[in-house]
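Residue numbers (the working numbering), protein chains in the order written: chain A, 14 to 210; chain B, 14 to 210. Every residue, glycine too, gets a C-beta built ideally from N, C-alpha and C. Since the structure is predicted, the reported quantities are computational estimates derived from the model, not experimental observations. Comments concern the structure below.
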DNA sequence: ATTTGCAGGTAAATATTATTTACCTCTGAC
DNA sequence: GTCAGAGGTAAATAATATTTACCTGCAAAT
């Protein structure tokens, strides 16, 4: 009775759902407000009732996806001890998310970073939250002697993030398949042990 | 007498130059044809004389940048022996390019990957060429025993590329400073030796 | 039982931008 | 000399995003 008291109007839900559907098929730029309204079965004006503009709708869709992602991440990390083990898990979970939620991957990898407003959006706030989680694990690893202490944590984070994202880019763009387990195993190994023989 | 016989018309040059200038200040999406024409001091119609559309102009600007980059890379690699040394150099050169040519970095990291046409553009052809160079170095390193032989070359390439790009993202987006030498040293070390103690 | 405020929704006007069209003007090869 | 074609312009048109004014049903407050 106390949770989700807020009833979300049917029209708004249809708009969000239409956006998700269309983003699976086409790029954000190529979608018109009229496309979205038609797919949702509402009028164009209604979109502006709930969202500031087209981009605001995009950010909302990303925010919903990211909320699910963060819930899953928190859950996945439960009961795992040690920075290496946590890192292994977080890499696996991230790849799994990018691989199995292509719209999510496309939005975050390709569609949002080119606008200023994104960096003021709620969605970006969640991304920063994820960043902090990852950074905590890295610092824990350094403090506990599992990771090297002569690499700046921010660089480690960039390497992890960057490697994962780049490895999932072809999936997002060309729909090339990704094997989550294999990718996670290789990327974790590569990052932990390096490429030098 | 045989090279650069082609005279590029003044208007076209001004358009390209205007695009570069504007991209340093604002995002691609926020630029209008009328902005570009005004900055270039030409009429809007002329832009369409030389470029298919706004994106085609963007791809052209990227192509010019990438040509310079490739020339520099080929030069930088001259006389360097060994895969590790070549890798070290290519990482340094890439970071240097992203750090000192912010428009280039912004275009490639933020503006082009969200459109289908990009992947048919000449600019993308050059990116693939760079990819091949990097992949060759990796294969050389594996064959020569400098790199581990149990990591797929494509993953190694993604890790290198992804780490570099992610490390330069904040520079591209927020204009945060990057120290090329420091970044190159740390990233190379991290990728070669891994993050595990 | 009315009224009334207001959330959900529509339809059409307007504003903004991209793109096309028709034309003008100079120049250098024939 | 002319004339084809490159460089360029101005204005019309098309495509889209956004705003405006309005309609409708319904859950309180009177």
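Notebook entry, point to check: Taking the Cβ atom as the reference point for each residue, do residue 59/A and residue 28/A lie within a distance shorter than 8 Å?
Noted result: As a working mapping, residue 59/A is identified with position 46 in the first chain. As a working mapping, residue 28/A is identified with position 15 in the first chain. Contact: yes.
Note to self: Given a cut-off of 8 Å on the beta-carbon distance, is the pair residue 35/A and residue 44/A in contact?
What the structure shows: The residue labelled residue 35/A in the question sits at position 22 within the first chain. The residue labelled residue 44/A in the question sits at position 31 within the first chain. Their beta carbons are under 8 Å apart, which means residue 35/A touches residue 44/A by this criterion.
Margin query: So, with DSSP's three-state summary, where would you put residue 65/A?
Written below: Reading the first chain from its first residue, position 52 is the one you call residue 65/A. DSSP places residue 65/A in coil when its eight states are reduced to three.
Next item on the list: In the DSSP assignment, find the unbroken alpha helix (DSSP H) run with residue 138/B in it and report its ends.
Entry: Sequence index remark: in the second chain, residue 138/B carries index 125 (1-based). Residue 138/B: member of the alpha helix (DSSP H) spanning 135 to 156, first to last residue.
Margin query: Classify residue 159/B: buried if its beta carbon has 16 or more other beta carbons within 10 angstroms, exposed otherwise.
Written below: Counting from one through the second chain, the residue named residue 159/B turns up at place 146. A buried status is given to residue 159/B, since no fewer than 16 other beta-carbon atoms sit within 10 Å of its beta-carbon.
Margin query: Please identify the residue among 167/B, 53/B, 89/B and 88/B whose C-alpha is closest to the C-alpha of residue 22/B.
Written below: Within the second chain, the letter at position 9 stands for residue 22/B. When each option's Cα is compared against that of residue 22/B, the closest is 53/B.
Next item on the list: Scan the stretch 135 to 161 of chain A for residues whose Cβ lies nearer than 7 Å to a Cβ of chain B and list them as they occur along the chain.
Entry: 158, 159, 160 and 161
Next item on the list: Assuming residue 194/A and residue 170/A form a contact by the criterion Cβ under 8 Å, report the distance between their Cβ atoms to the nearest whole angstrom.
Entry: Mapped onto the first chain, residue 194/A falls at position 181. Mapped onto the first chain, residue 170/A falls at position 157. About 23 Å separates the two Cβ atoms, so there is no contact after all.
Next item on the list: Confirm, please, whether the CB-CB distance from residue 79/A to residue 181/A is below 8 Å.
Entry: Counting from one through the first chain, the residue named residue 181/A turns up at place 168. Counting from one through the first chain, the residue named residue 79/A turns up at place 66. Against a cut-off of 8 Å, the Cβ pair of residue 79/A and residue 181/A comes out as no contact.
Checklist line | Candidates 166/A, 68/A, 135/A and 38/A, of which the one nearest residue 127/A by Cα | finding: Mapped onto the first chain, residue 127/A falls at position 114. For residue 127/A, the nearest C-alpha among the options comes from 68/A.
Check: Is it buried or exposed for residue 129/B, if we count other Cβ within 10 angstroms and need 16 for buried?
Finding: In the second chain, the residue the question calls residue 129/B occupies position 116. So residue 129/B ends up on the exposed side.
Check: Using 8 Å as the limit for Cβ to Cβ distance, is residue 95/A near chain B?
Finding: In the first chain, residue 95/A corresponds to position 82, counting from 1. Not closer than 8 Å to any Cβ of chain B, the Cβ of residue 95/A fails to qualify, so no.
Notebook entry, point to check: If we call anything under 8 Å between Cβ atoms a contact, is residue 200/B one with residue 186/B?
Noted result: The residue labelled residue 200/B in the question sits at position 187 within the second chain. The residue labelled residue 186/B in the question sits at position 173 within the second chain. Contact flag unset, no.
Check: Between residue 41/B and residue 124/B, which are expected to be in contact by the criterion C-beta below 8 Å, what is the C-beta distance as a whole number of angstroms?
Finding: For the purposes of this step, residue 41/B is taken as residue 28 along the second chain, with counting starting at 1. For the purposes of this step, residue 124/B is taken as residue 111 along the second chain, with counting starting at 1. About 4 Å; that satisfies the 8 Å criterion.
Next item on the list: Please look up how many angstroms separate the CB atoms of residue 140/B and residue 37/B, rounded, as I've assumed it's under 8 Å.
Entry: As a position in the second chain, residue 140/B is number 127, starting the count at 1. As a position in the second chain, residue 37/B is number 24, starting the count at 1. In fact, because the Cβ distance is near 21 Å, the residues do not count as touching under 8 Å.
Note to self: Tell me which residue opens and which closes the alpha helix (DSSP H) that residue 46/A is part of.
What the structure shows: Numbered from its first residue, the first chain carries residue 46/A at position 33. Taken as a continuous stretch (DSSP letters only), the alpha helix (DSSP H) holding residue 46/A covers 46 to 53.
Item checked: Coarse secondary structure for residue 41/A, derived from DSSP in three states -> Working through the first chain from its first residue, we reach residue 41/A at position 28. If DSSP states are grouped into helix, strand and coil, residue 41/A belongs with coil.
Item checked: Start-to-end residues for the alpha helix (DSSP H) that takes in residue 127/B -> Taking the second chain and counting its residues from 1, one reaches residue 127/B at position 114. Element bounds for residue 127/B: n/a, residue is neither H nor E.
Item checked: Short Cβ contact (8 Å threshold) for residue 172/B with residue 105/B -> On the second chain, residue 172/B is found 159 positions in, with the first residue counted as 1. On the second chain, residue 105/B is found 92 positions in, with the first residue counted as 1. No, the Cβ-Cβ distance between residue 172/B and residue 105/B is not below 8 Å.
Next item on the list: Taking the CB atoms as reference points, tell me whether residue 103/A and residue 83/A lie closer together than 8 Å.
Entry: In the first chain, the residue the question calls residue 103/A occupies position 90. In the first chain, the residue the question calls residue 83/A occupies position 70. Going by C-beta atoms, residue 103/A is not nearer than 8 Å to residue 83/A.
Margin query: Let's test the definition: count the other Cβ atoms within 10 Å of the Cβ of residue 99/A and tell me whether it reaches 16, buried, or not, exposed.
Written below: Position 86 of the first chain holds residue 99/A. Residue 99/A comes out buried.
Next item on the list: Say whether chain B places a C-beta atom closer than 8 Å to the C-beta of residue 35/A.
Entry: Start at 1 with the first residue of the first chain, and residue 35/A comes out as number 22. Not closer than 8 Å to any Cβ of chain B, the Cβ of residue 35/A fails to qualify, so no.
Checklist line | chain B residues whose Cβ lies nearer than 8 Å to that of residue 114/A | finding: By 1-based counting over the first chain, the position of residue 114/A is 101. Neighbours of residue 114/A on chain B: none; closest Cβ ~18 Å, over 8 Å.
Check: Can you name the start and end residues of the alpha helix (DSSP H) that residue 114/B belongs to?
Finding: As a first step, residue 114/B must be located in the second chain, where it is residue number 101. First-last for residue 114/B: undefined, no H or E at that position.
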